[in-house]
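Visitor: Would you mind keeping the following structure in view while I ask a few things?
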Amino acid sequence: MNAIELNELDIFYGDTQITDNISFDIKQGESFALVGESGSGKSTILKAIMGLAPKWNGSIKVNNVARSHGIDYDFAAQCQMVFQDPYGSLHPRKTVDATLSEPLTIHRISDQNERIEQVMQSVGLDLSFRFRYPHQLSGGQRQRVVIARALILEPKILLLDEPTSALDVSVQAEILNLFKKLRKERGLTYLMVTHNLPVVSFLCDRLAVIKAGKLVEVTGVEQLRQGNFKHAYTQELYAASGGVIS
Amino acid sequence: MSEDKLLEVKNLRISFPTTRDRIEVVKGISFDLGREKLGIVGESGSGKSLTGRSILKLIRAPGQVTADKLSFKNIDLLAQNEKQMRNIRGTKISMIMQDPKFSLNPVMTIGAQISESLNAHNKLSKSEVNQRVIDMLNDVKINDPERVVKLYPHEVSGGMGQRIMIAMMLIPQPDLLIADEPTSSLDVSVQAQVLNVIDDLISKKGMGLILISHDLVLTSRYCDRILVMKSGEIVEECKASELANAKHPYTRGLLAAIPSLNETRDELPTLNRLQKEPI
Amino acid sequence: MTQFLDWLRDETPTSRRQARWGGAFRLALALRKNHLAMAGLIIITTLILFAIFAPFIATHPAIQQDLQGRLSPPSFDHWMGTDELGRDIWSRIVYGSQITLFIVFLVAAIAAPIGLIAGAVAGYFGGWVDRIIMGITDIFLSMPKLILALSFVAALGPGIQNAVIAIAIATWPSYARIARAETLTIRNSEFIAAIQLQGASSTRIVFSHILPLCMSSMIVRVTLDMAGIILTAAGLGFLGLGAQPPLPEWGAMISSGRTFIFDQWWVATMPGLAIITVSLGFCFLGDGLRDVLDPKQGGR
């Protein structure tokens with residue numbers, strides 16, 4: 001069964017067309033990467049799936065249900081998003097506890113205390129952080145809070161928008177390990193947007209390459225590891241990331 | 247060798263006051279620079295950017311800079327007053343910042359900005375200036391420079407903006423270029439272009455370069471020598487080609503934590519930082 | 526006590542209550558370091574104490590006339606002299622603080638929430654909601670505050686309550702502007718997107734995510750505006766449209782003293798000094814609060 005299906009998706013901002021005829025499927029439990037440069041429209045695809053970019057033609061299906069063009073209350077528990085910038089995606093005046101309990105309040109879930117402690121443990125946050133404000137946390141800890149917030153409603157699909165590009169390499173390694181662990185433990189499906197091919201090689205099963213709003217190539221991670229690409233643009237990206245084309 | 251020595255830094259310390267006492271952010275580092283390409287690598291908070299800025303005396307109060315020696319071509323930088331420093335900045339030492347969008351004046355054309363940095367230090371006729379500007383833009387591999395000089399900063403892409411910054415910084419022909427994360431706001435493919443341009447020009451003009459970056463692999467590709475900084479100290483100094491044989495556990499840890507294009511490890515090694523205390 | 530202080534200072538709070546109290550404590554500490562703000566705070570506190578304990582602080586009743594001793598200069602008996610009806614000016618200023626406080630806090634309590642909500646709603650929803658609300662505020666802002674208040678008082682009839690309502694009507698639009706500008710910068714941030722994706726309603730987002738962030742700049746702005754409110758109220762009083770005699774309102778006192786300003790300077794000067802002192806106090810406190818509440822300095 002497919003977790004996410006995109007069919008002939010054209011997304012617009014105002015009158016500007018951002019993506020052109022994008023189609024791909026992501027199987028349940030798969031980790032899929034969208035690779036491209038800034039302005040290629042890869043982040044916009046995530047926004048369209050989540051309902052933050054409402055103007056599109058074509059079809060988006062999540063768990064075999066067609067997505068509406070806006071934000072749905074029920075969709076929140078199926079699919080969540082992790083943002084790029086851990087400094088901008090947490091409310092500066094809310095403690096970790098408030099950030100994590102709010103989704104539970106919105107969805108009228110009662111065992112808040114247990115849920116919060118459990119999700120904090122599973123993202124590797126010490127419980128002593130529970131009543132801290134974002135400015136009292138380091139970048140890596142903030143990103144763990146962001147991940148915990150995305151997981152607290154126990155969705156099966158996570159959309160990741162450059163989740164480690166604002167972090168130091170050693171912190172990036174911790175967060176990447178965490179993503180891998182969470183996927184194994186919870187059977188999550190990932191759709192990750194990134195420009196970093198080595199990260200794809202570590203975390204993903206398949207990747208789609210996007211250039212100027214068009215799908216260039218969809219290929220498996222084995223092809224990436226061997227530098228074995230069909231399309232010239234993908235080869236160029238690979239070379240720029242330090243790969244040697246065989 | 248001493249003839250070629252551009253920069254000498256001995257026991258450089260930078261401190262900032264807190265509510266209780268001063269905290270040292272750079273803790274007594276020393277290094278020399280000849281006409282070569284030196285990379286300073288570290289994670290956020292390592293003090294690498296402050297080190298770069300202190301060379302140009304860009305650390306403002308309440309920050310405090312002390313050193314046993316901080317000299318550029320035998321000029322004692324610490325003894326220079328602000329007016330003398332202004333003369334050194336630009337003509338002898340130039341700096342490129344991370345994001346060209348914030349460093350270019352949005353209401354001046356690119357041509358005007360580049361020629362301004364030339365006019366500030368030289369007296370040349372108008373046609374000579376124009377010719378130098380066009381030549382410089384050619385040097386940084388900008389196509390159709392005659393058209394580009396008439397554009398405003400918001401009309402060019404990030405990569406082009408950064409190359410224009412480089413043109414602006416190099417046109418007064420300084421001896422030393424400090425590049426602070428010059429490519430981290432750029433796409434991977436553009437990063438390579440920009441660094442190639444810097445690399446070319448530095449080698450051609452026989453300048454010194456300090457490349458400050460968080461990216462160990464990228465830096466090792468473009469520099470001759472690398473300093474690895476960690477919380478205000480230099481923990482490793484080695485030739486870029488020998489980075490793979492780094493000795494310090496921190497450097498080795500950083501190297502191991504970077505995923506590779508052919509990544510088959512199940513888990514990336516981390517530096518075992520405790521999740522207890524925030525920094 | 527030391528235990529309590531440690532509990533407040535704890536960097537790792539263990540309950541929501543402790544986190545909130547600790548935050549307030551750190552804010553108070555930061556405010557204490559700012560001397561001007563402390564001076565302002567002392568002035569305002571004194572004003573409040575004067576208002577509460579007026580009968581004990583005043584040496585005479587506020588409206589007791591003594592025609593024999595009219596217009597007598599400051600002396601041991603009458604610290605600030607007496608006015609044209611022989612009333613003790615010191616006592617009238619002390620009682621007047623009640624009226625001033627009443628006006629200031631009532632105006633703030635009416636105008637700030639209205640402005641805050643109108644601005645946040647306009648900024649968050651945008652589109653035609655924004656155009657209508659901002660159109661209304663622009664109409665209000667295009668007229669000088671005092672003139673606007675004047676016309677409202679003229680329509681409603683003179684008196685303190687009406688003056689309060691008129692000043693509130695004249696002040697809320699500027700708060701709406703600030704709240705809207707603030708909301709526009711917050712609206713597109715990722716943490717708002719994140720809570721939208723959690724299925725939060727617009728009401729929840731505006732009230733529990735956007736308003737708390739507008740709050741600090743609003744508190745600062747209102748505190749700074751209090752000086753202006755006092756002056757507008759005094760202006761209305763001066764023109765005879767605010768508090769009515771014999772109420773000891775400071776503006777009205779200046780007004781009645783202006784006939785004697787060359788020979789009996791103290792009649793108009795003393796209430797004038799009171800207005801200046803209190804206005805300054807609010808300005809100092811507002812400036813200090815701005816330094817402390819600036820979110821970029823939070824937690825430092």
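Protein chains in written order, with the numbering used here: chain P, 1 to 246; chain S, 247 to 525; chain X, 526 to 825.
Each residue gets a CB set at the ideal place from its N, CA and C atoms; glycine is no exception.
#1: Keeping to the same chain, check which residues put their C-beta closer than 8 Å to that of Met475(S); ignore five residues upstream and five downstream.
#2: Spatial neighbours of Ile744(X) within its chain, please: C-beta separation below 7 Å, excluding the five flanking residues on both sides.
#3: Let's test the definition: count the other Cβ atoms within 10 Å of the Cβ of Lys94(P) and tell me whether it reaches 16, buried, or not, exposed.
#4: How about Tyr275(P): is its C-beta nearer than 8 Å to some C-beta of chain X?
#5: Is it buried or exposed, Pro391(S), if we count other Cβ atoms within 10 angstroms and call 16 or more buried?
#6: Taking 8 Å as the CB-CB cut-off, is Ser89(P) touching chain X?
#7: Could you compute how far the alpha carbon of Lys251(S) sits from the alpha carbon of Asp322(S)?
#8: So, under 8 Å CB-CB, Ile624(X) and Ile685(X) are touching, yes? Tell me the CB distance rounded to an integer number of Å.
#9: Of all Cβ atoms in chain P, is any one closer than 8 Å to the Cβ of Val434(S)?
#10: Please confirm whether Ile456(S) and Leu284(S) have their CB atoms less than 8 Å apart.
#11: Is it the case that the Cβ atoms of Asp72(P) and Gly39(P) are separated by a distance below 8 Å?
#12: With burial defined as no fewer than 16 other Cβ atoms inside 10 Å of the residue's Cβ, what is the status of Thr99(P): buried or exposed?
#13: Quick one: which chain P residues come within Cβ less than 8 Å of Glu509(S)?
#14: Could you work out which residue in Ser699(X), Ile730(X), Ile703(X), Ile567(X) is closest to Ser714(X) when comparing CA atoms only?
#15: Give me, in chain order, the residues of the same chain whose beta-carbon lies closer than 8 Å to that of Gly823(X); leave out the 5 immediate sequence neighbours on both sides.
#16: Which residues in chain P sit within 7 Å of Ser290(S), going by Cβ to Cβ distance?
#17: Among Ser727(X), Val646(X), Leu761(X), Thr748(X), which residue has its Cα nearest to the Cα of Gly682(X)?
#18: Can you look up Ala693(X) in the DSSP assignment and give me helix, strand or coil?
#19: Using beta carbons (cut-off 8 Å, strictly below), is His107(P) in contact with chain X?
#20: At what residue ranges does the stretch 415-502 of chain S contain a whole run of the alpha helix (DSSP H), taking only runs of 4 or more?
#21: Skipping 5 residues on each side, what residues in its chain have a beta carbon closer than 8 Å to that of Gly280(S)?
#22: Is the beta carbon of Arg712(X) sitting closer than 8 Å to the one on Gly648(X)?
#23: Tell me, please, whether the CB atom of Leu182(P) is closer than 8 Å to any CB atom in chain X?
#24: Using DSSP bridges, identify the partner residues of Glu5(P).
#25: Determine, for Thr429(S), whether the minimum Cβ-Cβ distance to residues of chain P falls below 8 Å.
#26: Which residue comes first and which comes last in the alpha helix (DSSP H) that contains Glu252(P)?
#27: Report buried or exposed for Val272(S), applying the criterion of at least 16 other Cβ atoms within 10 angstroms of its Cβ.
#28: In its own chain, which residues sit with a C-beta less than 8 Å from the C-beta of Val200(P), not counting the 5 before and 5 after it?
#29: Is Gln136(P) closer than 8 Å to Pro248(P) when the C-beta atoms are compared?
#30: Could you pull the DSSP bridge partners for Met341(S) from this structure?
#31: Find the residues of chain P that neighbour Pro737(X), judging by a C-beta separation of less than 7 Å, and give them in chain order.
#32: The stretch 705-721 of chain X: which residues have C-beta closer than 9 Å to a C-beta of chain P, in chain order?
#33: List, from N- to C-terminal side, the alpha helix (DSSP H) runs of 4 residues or more that fit wholly inside the stretch 297-368 of chain S.
#34: In the DSSP assignment, what are the bridge partners of Ile11(P)?
#35: For Glu117(P), which residues in the same chain have their Cβ closer than 7 Å to its Cβ, ignoring the five residues on either side in sequence?
#36: Between Leu350(S) and Met406(S), is the Cβ-Cβ spacing less than 8 Å?
Guide: In short, the structure shows the following:
#1: Locating residue 475(S) in the second sequence gives position 229, counting from the first residue. If we look at Met475(S) and ignore the five residues flanking it on each side, its Cβ neighbours are Ile275, Ile286, Val287, Gly288, Ser292, Gly293, Lys294, Thr297, Val481.
#2: Counting from one through the third sequence, the residue named residue 744(X) turns up at place 219. The answer, listed in chain order, is Leu814, Leu818.
#3: Looking up residue 94(P) in the first sequence gives position 94. With 16 or more Cβ atoms within 10 Å of its Cβ, Lys94(P) is classed as buried.
#4: Summary: the structure shown does not reach residue 275(P), with chain P confined to residues 1 through 246, and so no result is reported for it.
#5: Position 145 of the second sequence holds residue 391(S). So Pro391(S) ends up on the buried side.
#6: Here residue 89(P) refers to the residue found at position 89 when the first sequence is read from its first residue. Taking Cβ atoms only, chain X reaches closer than 8 Å to Ser89(P), which makes this a yes.
#7: Against the second sequence, residue 251(S) aligns to sequence position 5. Against the second sequence, residue 322(S) aligns to sequence position 76. Cα to Cα, the separation comes out at about 13 Å.
#8: To locate residue 624(X), count along the third sequence from 1; it is residue 99. To locate residue 685(X), count along the third sequence from 1; it is residue 160. Indeed they touch by this definition, with Cβ atoms about 7 Å apart.
#9: Residue mapping note: residue 434(S) aligns to position 188 of the second sequence, counting from 1. Yes, Val434(S) counts as interfacial toward chain P.
#10: Sequence index remark: in the second sequence, residue 456(S) carries index 210 (1-based). Sequence index remark: in the second sequence, residue 284(S) carries index 38 (1-based). Going by C-beta atoms, Ile456(S) is nearer than 8 Å to Leu284(S).
#11: Numbered from its first residue, the first sequence carries residue 72(P) at position 72. Numbered from its first residue, the first sequence carries residue 39(P) at position 39. No, Cβ-Cβ distance for Asp72(P) and Gly39(P) is not below 8 Å.
#12: Counting from one through the first sequence, the residue named residue 99(P) turns up at place 99. Residue environment: Thr99(P) is assigned as buried (16 or more neighbouring CB atoms within 10 Å of its CB, all protein chains considered).
#13: As a position in the second sequence, residue 509(S) is number 263, starting the count at 1. What Glu509(S) touches in chain P: Pro198, Ser201, Phe202, Arg225.
#14: On the third sequence, position 189 is the one that residue 714(X) refers to. Closest option to Ser714(X), Cα to Cα, is Ile730(X).
#15: The residue you call residue 823(X) lines up with position 298 of the third sequence. With a pLDDT of only 40 at Gly823(X), under 50, the local geometry of the prediction cannot be trusted, and the value read off the model is given with reservation. Result list for Gly823(X): empty, nothing under 8 Å.
#16: As a first step, residue 290(S) is located in the second sequence; it is residue number 44 there, counting from the start. The answer, in chain order, is Asp168.
#17: Position 157 of the third sequence, counted from the first residue, corresponds to residue 682(X). Selected option, being the one with the closest Cα: Leu761(X).
#18: Stepping through the third sequence from its first residue, residue 693(X) is reached at position 168. In the structure shown, Ala693(X) sits in a helix (DSSP, three-state: H, G or I).
#19: As a working mapping, residue 107(P) is identified with position 107 in the first sequence. Judged by the 8 Å Cβ criterion, His107(P) is in contact with chain X.
#20: 434-451, 462-468
#21: Reading the second sequence from its first residue, position 34 is the one you call residue 280(S). These residues qualify, in order along the chain: Met247, Asp250, Lys251, Leu252, Gly454.
#22: Against the third sequence, residue 712(X) aligns to sequence position 187. Against the third sequence, residue 648(X) aligns to sequence position 123. Yes, they are a contact pair.
#23: On the first sequence, residue 182(P) is found 182 positions in, with the first residue counted as 1. No, no contact with chain X.
#24: Residue 5(P) sits at position 5 when you count from the first residue of the first sequence. The partner list for Glu5(P) (beta bridge, DSSP) reads Asp25(P), Lys61(P).
#25: For the purposes of this step, residue 429(S) is taken as the residue at position 183 of the second sequence. False, the Cβ-Cβ gap to chain P never drops below 8 Å.
#26: Residue 252(P) falls outside the range modelled here, since chain P spans only 1 to 246, and no answer is possible.
#27: As a first step, residue 272(S) is located in the second sequence; it is residue number 26 there, counting from the start. That one is buried.
#28: Stepping through the first sequence from its first residue, residue 200(P) is reached at position 200. Excluding sequence neighbours, Val200(P) sits near Ala33, Val35, Met192, Thr194, Leu207, Val221, Leu224.
#29: Any question about residue 248(P) goes unanswered here, given that chain P covers just 1 to 246.
#30: Indexing the second sequence from 1 puts residue 341(S) at position 95. Residue pairing by DSSP puts Met341(S) in a beta bridge opposite Ile424(S).
#31: As a working note, residue 737(X) is residue 212 in the third sequence. Within chain P, the residues near Pro737(X) are Arg93.
#32: Answer in chain order: Ser714, Glu715, Phe716, Ile717, Ala718, Ala719, Ile720, Gln721.
#33: Every alpha helix (DSSP H) stretch that sits fully inside the stretch 297-368 of chain S and reaches 4 residues is listed by chain position as 328-337, 346-349, 356-365.
#34: Walking along the first sequence from the start, residue 11(P) turns up at place 11. Per the DSSP secondary-structure output, Ile11(P) pairs in a beta bridge with Trp56(P).
#35: Indexing the first sequence from 1 puts residue 117(P) at position 117. So the qualifying residues of the chain are Leu127.
#36: In the second sequence, counting from the first residue as 1, residue 350(S) sits at position 104. In the second sequence, counting from the first residue as 1, residue 406(S) sits at position 160. No; because the gap between Cβ atoms is not below 8 Å, this pair is not in contact.
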